[in-house]
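For the sequence shown, counting from 1, position 250 maps to 253 in this note's numbering; every step adds exactly one.
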Amino acid sequence: MDVNHRLALIQLERAARMLQVSDLPRTTRMQPHVAQPPERLIYYTNHRLSQVPQLKSLPPRLVRGIHLAAMVFPFKVNSYVLDNLIDWGAAPDDPMFRLVFPHPDMLQDGDREVLDDLLERGDEVAIAAEVQRIRADMNPHSSDQIVNVPLFEGASLEGVQHKYDETALFFAKQGQTCHSYCSFCFRWPQFVDSAVDRFEARDGERLYAYLRTRRDITDVLLTGGDPFVMSSRRLADYLEPLLAPEFSHVTNIRIGTKALSYWPQRFYVGAEAEELNRLLVRVADSGKQVAVMAHVNHWRELTPEPVHRAVEALRRSGAVIRTQSPVLRHVNDDVAVWRRNWRDQVAMGMIPYYMFVERDTGANHYFRISLDRALAIYQAAAAAVSGICRTARGPVMSAGPGKIHVLGRLAIGNDDYFVLSFLQARRKEWLHRPFLAKYSADAAWINELVPPEGEDGFFFDRPYAELLAQRSGEHRLEAEEVGHE
Ligand code: SF4
4 MDVNHRLALI QLERAARMLQ VSDLPRTTRM QPHVAQPPER LIYYTNHRLS QVPQLKSLPP
64 RLVRGIHLAA MVFPFKVNSY VLDNLIDWGA APDDPMFRLV FPHPDMLQDG DREVLDDLLE
124 RGDEVAIAAE VQRIRADMNP HSSDQIVNVP LFEGASLEGV QHKYDETALF FAKQGQTCHS
184 YCSFCFRWPQ FVDSAVDRFE ARDGERLYAY LRTRRDITDV LLTGGDPFVM SSRRLADYLE
244 PLLAPEFSHV TNIRIGTKAL SYWPQRFYVG AEAEELNRLL VRVADSGKQV AVMAHVNHWR
304 ELTPEPVHRA VEALRRSGAV IRTQSPVLRH VNDDVAVWRR NWRDQVAMGM IPYYMFVERD
364 TGANHYFRIS LDRALAIYQA AAAAVSGICR TARGPVMSAG PGKIHVLGRL AIGNDDYFVL
424 SFLQARRKEW LHRPFLAKYS ADAAWINELV PPEGEDGFFF DRPYAELLAQ RSGEHRLEAE
484 EVGHE
């Protein structure tokens, strides 16, 4: 059985298990150890979608379509975003509206009709099955994330991914929700109730044990979801052990977040913010860098005054803020948007970090743009800002083998090519080794590109397939051993 068959089998097994669990999106139920909003913040999820006051101003047909899409795509928004970031006069075409709300076009035509019909009939069992089928078709674990989970002491290291040598990702159980569930997000399986597909760790003990054996890991990235939904005390429980001398090799603590622009008060209002600030100062004083990896998709997120106060508070605590976003149709596929995004970020003291290519997961057909267009947007936007705004690398595909940078286009004779290079890779020897792919006006991901004539694959294809075969074999063996216990 070849690697692709094995992976397909694993995915089928997982999809089958998904069908056996209740998988409605999580509600607003209060979870323990979450940071409490210091002011009244109202959350709406799929189940309370009809209570979003502003939706009443939209055409009923569109609202029904939004409801249909929300049956498949996890949805969540808070009143700060509704009141401050969406231009309701411009909805449904407002980019922030498109970013936050599920849209009927996110469903394929046939799927939308089937769901519409089932909803009309009120057949809840059939709806649940159909929703699971559609989700299973949306590549829930893009870029072979499953094999990123390391095996440690004979078992999967749950809640940890270790893809690149220097960086370990940690998914604390209490941080596996977000302020909004972006329909392009490759973390979307984290936001539905199918626990079999969620990466999460109940505590940090096995992470620490792993780090003791891996002196080559310099960065721990707390990710989710959004780790800042955790209470500051809980966050401290995870971070403070890392300040011990035995973890001196971990020099960078990164925290991925959307809170900066969707809940900025988290960083400067009330006792929770004060405790967070003290924690970040302790980490910085220990000699480690705190890097807040902020998801900023559009410059409009940075215009409200609370965001400026949040940035100031974080910077005062010694944190560095780096920003990233994919380039997304309907939201930010525009040179002027990126130009202003980067300029405003730098003016506020943040560092533009990545312009990603939309991943091959979720509502990909709705958000995707071609690599050619993404490259044109990146190049024009970068040319329109000063050097200190050009710290963002892009466009970059965070794909299975690694982070593949689209450097540009090159004509050789009568042929046109993309020039690509790995910024990060599963194998060090793949890094910064320029390679060519035939130019395509439509391709939007690495698997839609082909190598130049005469080459039977990209240089990394075979070693990556071997690596996948080895890792998936190890995981399968572990699953079988667990099953025999
Ligand atoms: S992790 Fe980022 S991209 Fe994913 S849902 Fe949250 S804000 Fe959106």
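From the three backbone atoms N, C-alpha and C, an ideal C-beta is built for every residue, glycine too.
Could you name the residues of the same chain whose beta carbon sits closer than 8 angstroms to that of residue i, not counting the 5 residues immediately before and after it, in chain order?
i: G228; result: F174, G178, Q179, T180, C181, R190, Q193, F194
i: A555; result: This structure leaves residue 555 out entirely; the chain is present only between 4 and 488.
Near residue i, which residues of its chain fall below 6 angstroms by C-beta distance, leaving aside the five closest residues on each side in sequence?
i: R205; result: K176
i: A385; result: R393
i: M296; result: R257, G259, R325
i: S320; result: N280, L283, V284
i: V66; result: L58
i: F461; result: P454
i: Y467; result: P404
With a CB to CB cut of under 7 angstroms and the five nearest residues on each side skipped, what residues in its chain are close to residue i?
i: L282; result: S235, L238, A239, L242
i: R201; result: Q179, P192, Q193
i: E477; result: L154
i: R218; result: H252
i: L426; result: R396, V399, K406, H408
i: L317; result: F270, V295, I324
For residue i and residue j, what's the separation of their Cα atoms in angstroms?
i: I354; j: L263; result: 14 angstroms
i: R29; j: L439; result: Its pLDDT being 35, under 50, R29 is placed unreliably in this model, and the value from its coordinates should be taken loosely. When rounded, the distance between both Cα atoms is 44 angstroms.
i: Y356; j: V349; result: 11 angstroms
i: V422; j: F250; result: 39 angstroms
i: R20; j: A139; result: Because R20 sits at a pLDDT of 35, beneath the cut-off of 50, its placement in the model cannot be relied upon, and the following sentence gives the value as read from the coordinates. Rounded to the nearest angstrom, the two C-alpha atoms are 11 angstroms apart.
i: L71; j: D119; result: 7 angstroms
i: A198; j: E123; result: Low confidence applies to A198: its pLDDT is 49, below 50, so where it sits in the model is not reliable, and the reading given next is rough at best. Roughly 29 angstroms separates the two Cα atoms.
i: V323; j: T216; result: 28 angstroms
i: K59; j: A94; result: 12 angstroms
i: A247; j: A276; result: 24 angstroms
i: E308; j: A171; result: 34 angstroms
i: G92; j: F100; result: 11 angstroms
i: V338; j: N344; result: 10 angstroms
i: W266; j: Y167; result: 30 angstroms
i: P404; j: P62; result: 44 angstroms
i: D336; j: A212; result: 43 angstroms
i: S328; j: A294; result: 16 angstroms
i: V56; j: A73; result: What sits at residue 56 in the sequence shown is Pro, not Val. Using only the alpha carbons, I get a separation of about 17 angstroms.
i: Y83; j: I45; result: 8 angstroms
i: D464; j: E458; result: 11 angstroms
i: L452; j: K441; result: 7 angstroms
i: A383; j: D363; result: 25 angstroms
i: L331; j: G290; result: 37 angstroms
i: P244; j: H165; result: 19 angstroms
i: G125; j: R51; result: 18 angstroms
i: A131; j: G390; result: 51 angstroms
i: W341; j: W302; result: 8 angstroms
i: D2; j: D86; result: The chain is shown from 4 up to 488; residue 2 falls before or after that span and cannot be answered.
Going by DSSP, name the residue or residues bridged to residue i.
i: H408; result: V399, S424
i: N255; result: D222, Q292
i: T48; result: K79
i: I415; result: D418
i: I354; result: R325
i: Q164; result: L172
i: F359; result: P329, V399
i: A158; result: F155
i: L434; result: F425
Measure the CB-CB distance between residue i and residue j and report whether it falls below 9 angstroms.
i: I407; j: S424; result: yes
i: V103; j: L121; result: no
i: F231; j: L279; result: yes
i: G273; j: L210; result: no
i: F359; j: G397; result: yes
i: M141; j: G411; result: no
i: P77; j: H333; result: no
i: N2; j: F187; result: One cannot answer for residue 2 here, as it falls past the ends of the chain, which runs 4 to 488.
Does residue i have its Cβ less than 9 angstroms from a Cβ in chain D?
i: D375; result: Within the model displayed, chain D is absent; a lone protein chain is all it includes.
Are the segment 311-330 and the segment 99-108 touching, with three or more C-beta to C-beta distances below 8 angstroms?
no
Count Cβ pairs between the segment 124-142 and the segment 150-160 that sit closer than 8 angstroms; are there 3 or more?
no
Touching by the beta-carbon criterion (3+ pairs, under 8 angstroms), the segment 429-436 and the segment 370-381
Look at the beta carbons and you see the segment 429-436 not touching the segment 370-381: under three pairs across the two are nearer than 8 angstroms.
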